[in-house]
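The next block holds one structure in the form of structure tokens; read it before the comments.
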Amino acid sequence: MNEMSKPVTAVSPTTLARMIALVGEKNAITDKEKQTPYLVEFRALWTGHTPVVLRPGSTREVSELLKIASETTTAIIPQGGNTGLVGGQIPHNGEIVLSLNRMDKIRELDPISNTITCEAGVTLQRAREAAAGVDRLYPQLLPSEGSCTIGGNLSTNAGGTAALTHGVARSHALGLEVVLADGRVLNNLNKLKKDNTGYDLKNLFIGAEGTLGVITAAVLRLVPRPKSVETAWAAIPSVQAAVDLLGLATEISAGGVTSFEIMAREGIDIVIKHGGARDPLAAKSPYSVLIELSSQRHEGLRDQMEQILAEGLEKGLVLDATICESVEQAKTFWRIRELFGEMQGREGGSIKHDISVPVANIPAFIEEGNAAARKLIPGCRPMPFGHVGDGNIHYNITQPVGADKAEYLKRWDDMNDTIYKIVLKYGGSVSAEHGVGIVKRDYLPKIKDPVAYELMKTLKRTLDPKGILNPGKVL
Ligand SMILES: Cc1cc2nc3c(=O)[nH]c(=O)nc-3n(C[C@H](O)[C@H](O)[C@H](O)COP(=O)(O)OP(=O)(O)OC[C@H]3O[C@@H](n4cnc5c(N)ncnc54)[C@H](O)[C@@H]3O)c2cc1C
């Protein structure tokens, strides 16, 4: 057993009753059927079990709950929208689920300081809509925006499709309110860009996946809303062409590339076959890229996109391309990208890797990865896609046509080992944006710098000495 994953002892009826009384019976879900949305992971990869899902309505209630949990050594799993992809939010061992979804107030919108202060359970979509209401952009964008929450985004340090320009969740947070394992409230809700009064404590909790504290609110940075956006779909001959085209686009647009997403041919064909999408171009190229530019100016962006594609064609980086004529058409292009991972499931098993490597190494990584995967399981179908500009590739490998799904998925660990060796060879990370959870936990001691890993354990022991917060996740 992992050193940090202590077994969960059954919660005593007295403790349970105290916790339920605190949030009120109507906010404590014990009915098994009503618990289901909190227990089953998005892809149904895991189903947890729990005596109760607690839904506190305030920071004070979270604090009181954690005081009881700490006093009685009761394990707690913080949960937001339950869209996490590494099993971090699931009570695998009967822990209590602490859902933040009732804490969904937008406490303040300040368009002068360019900030929004949200409680943890506000969905990403609502935060974006509220920002748009004062002509600002909250620049995090994930396909799961309708369900995922600000608390979950920060706890996973989520990336998404706009990280190229605006950065990952960490870049958006100015201040946090966090309830510590013993119930103390760390009030760090400041709006300051500049605050050098010692250690930057908020960054300990961002990306900690609920293992160091429960985020209850955050001050997030807003940016001006773009005045124009252009979207194009380009057929390209190779992964190297994608990297070179990104360089060209960055130069011509002077840093205006908001998204630059690559998709492999076979995966696009699957989205067309199962997802009812239409291929934007007649040409069947080995790869395609979806490019989005945005600008604070009303004029000129279209010319830039045309120049990027024209020069790309001239240099052999682009085989064919089309620029969207309407917002509706842009949505149909984005739909292909959004369905890319999901539709692979219609073809049977898919072994997944959420990795990053330095941008310059993406072509070599994909070439070696494809060869190694096919050597390990002949006939398997690598379908890389994702965020070229962040070096973040969702390297999914679909089962051979007609193979037995269960047999194929038994090779998950072998395939991971094979691909991760190549990732590490190219100076990459085995978890780019989804986190560690339980999926990558056992890899950490093998790949992390030993001093870094020891420091992580020291922090965990210091902030959560009884090991009650999300035990067995990350460490
Ligand atoms: C269709 C789909 C597309 C996705 N696309 C992307 C993508 O492009 N980029 C990306 O990065 N991710 C993506 N994800 C993954 C997921 O949406 C993100 O990880 C998201 O940030 C999780 O938010 P959540 O509120 O659902 O958190 P949950 O799933 O509920 O929890 C995730 C983790 O955070 C912890 N946690 C949650 N809330 C709190 C809190 N308030 N305090 C402390 N800990 C907390 C949990 O314990 C768990 O470890 C996608 C998921 C889906 C289903």
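Residue numbers (my numbering): 638 to 1112. For every residue, glycine included, the Cβ atom is placed at its ideal position computed from N, Cα and C. All values reported here derive from a predicted model rather than from experimental measurement.
| Asked | Found |
| --- | --- |
| Would the C-beta of S993 count as close to ligand 1, meaning under 8 Å from any of its heavy atoms? | no |
| Mind listing, in chain order, the continuous alpha helix (DSSP H) runs of no fewer than 4 residues lying wholly within the region 677–722? | 696–709 |
| Counting only the same chain and skipping the five closest in sequence on each side, list residues whose C-beta sits under 6 Å from that of G694. | R739 |
| Give every residue of the same chain whose Cβ lies closer than 8 Å to the Cβ of S707, excluding the five residues on either side of it in the sequence, and list them in chain order. | A818, D819, G820, K1103 and I1105 |
| Just checking F1022 against ligand 1 - is the residue's beta carbon closer than 8 Å to any of the ligand's heavy atoms? | no |
| Taking just the CA atoms, how far does D1050 sit from I657? | 40 Å |
| With distances taken from CA atoms, which of T969, G912 and I999 is nearest E984? | G912 |
| Nearest to G982 by CA position, among F679, G1072, Y836 and F970, is which residue? | F679 |
| From L682, A1089 and R915, pick the residue whose C-alpha is nearest to that of Q966; which is it? | R915 |
| Nearest CA to the CA of T853: which residue from E975, D668, G788 and Q762? | G788 |
| For E1022, list the residues DSSP reports as bridge partners. | Here residue 1022 turns out to be Phe, not Glu, going by the sequence shown. Beta-bridge pairing links F1022 to M900 and H1031. |
| Who does P861 pair with in a DSSP beta bridge? | R773 |
| Contact between the region 1025–1040 and the region 865–885: three or more CB pairs below 8 Å? | yes |
| Go ahead and pull the three-state DSSP assignment for Y1063. | coil |
| What three-state label does DSSP hand M638 in the structure shown? | A caution first: M638 carries a pLDDT of 44, below 50, which makes its placement in the model unreliable, though a value can still be read off. The answer is coil: DSSP assigns M638 none of H, G, I, E or B. |
| Quick check on this structure: which residue in S890, H686 and V690 has the alpha carbon closest to the alpha carbon of Q933? | S890 |
| Look at the alpha carbon of P688 and the alpha carbon of L659, and state the distance between them as a whole number of angstroms. | 16 Å |
| Would you kindly work out how many angstroms separate the C-alpha atoms of P874 and I899, rounded to a whole number? | 12 Å |
| Going by other Cβ atoms of all chains shown within 10 Å of its Cβ, with 16 needed for buried, is V1060 buried or exposed? | buried |
| Given this structure, state the Cα-to-Cα distance separating G949 from T667, to the nearest angstrom. | 59 Å |
| Less than 8 Å separating the Cβ of P780 from some heavy atom of ligand 1? | yes |
| Would the region 715–722 and the region 1069–1081 be scored as touching if the rule is three or more Cβ pairs under 8 Å? | yes |
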